Amino acid sequence: MKRQTGIWIDTSKAIIVTLEGGKDEKISEIDSDVENSVYHDKEGNKGTFSGGHHGNSESKFENRKKEQIDFFVKEVLSYVKGADELFVFGPAETKIRLEQKIQDEKLFANKLKAVETADKMTLNEVVAKVKKFYNS
Numbered sequence: 001m002k003r004q005t006g007i008w009i010d011t012s013k014a015i016i017v018t019l020e021g022g023k024d025e026k027i028s029e030i031d032s033d034v035e036n037s038v039y040h041d042k043e044g045n046k047g048t049f050s051g052g053h054h055g056n057s058e059s060k061f062e063n064r065k066k067e068q069i070d071f072f073v074k075e076v077l078s079y080v081k082g083a084d085e086l087f088v089f090g091p092a093e094t095k096i097r098l099e100q101k102i103q104d105e106k107l108f109a110n111k112l113k114a115v116e117t118a119d120k121m122t123l124n125e126v127v128a129k130v131k132k133f134y135n136s
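Pasting the structure below:
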């Protein structure tokens with residue numbers, strides 16, 4: 001019995017739909033802890049100067065966000081380890097990061113069937129898209 005899994009992912013969450021034998025569906029949602037904006041205590045903060053070095057909070061934010069996305073992607077992959085087939089979709093670049101991690105992991109060799117761009121979707125739309133993908 002094949003375990004077919006669809007993953008809708010963006011930086012805020014991942015919705016995982018698993019079809020067992022094409023019929024029974026299991027839906028899981030994983031919230032991410034990825035920060036989506038730079039927070040400044042004081043308006044107009046331009047970073048800090050220390051001697052000849054300039055510390056920019058935005059570059060620190062970008063590095064921190066990259067690490068958080070990597071951690072989130074690993075968390076999603078640990079959740080779908082038993083999948084026989086994977087279908088990834090969603091907006092922006094998080095799906096691309098997930099695709100790269102799947103290709104890097106030998107555990108998921110040849111399991112990735114497709115990666116597609118998709119806008120924000122309701123839970124029912126995500127489930128319908130996964131069913132349509134595997135049943136066509």
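1 is the number of the first residue of the sequence shown in the UniProt record's numbering; add one for each residue after it. Where is the CB? At the ideal position from N, CA and C, for every residue including glycine. Just so it is clear, the structure is predicted and the values come from calculations on it, not from any experiment.
Bridge-paired residues (DSSP) for residue i
| i | result |
| --- | --- |
| Thr18 | Thr5, Lys26 |
| Val88 | Ile7, Val115 |
| Asp31 | Lys13 |
Where residue i sits in the DSSP three-state scheme
| i | result |
| --- | --- |
| Asp104 | helix |
| Ala109 | coil |
| Lys13 | strand |
| Lys120 | coil |
| Glu93 | coil |
Residue interval of the alpha helix (DSSP H) (run including residue i)
| i | result |
| --- | --- |
| Asp70 | 57 to 79 |
| Asn124 | 123 to 135 |
With 16 other Cβ atoms within 10 Å as the buried cut-off, status of residue i
| i | result |
| --- | --- |
| Ala83 | buried |
| Thr11 | buried |
| Ile27 | exposed |
| Thr5 | buried |
| Thr117 | exposed |
| Ser78 | exposed |
| Leu123 | exposed |
| Ser136 | exposed |
| Ala14 | buried |
| residue 141 | One cannot answer for residue 141 here, as it falls past the ends of the chain, which runs 1 to 136. |
| Phe71 | exposed |
For the structure I just gave you, are there three or more beta carbon pairs, one from the stretch 82 to 90 and one from the stretch 54 to 68, closer than 8 angstroms?
no
Counting pairs of beta carbons, one from the stretch 98 to 110 and one from the stretch 16 to 32, are three or more of them closer than 8 angstroms?
no
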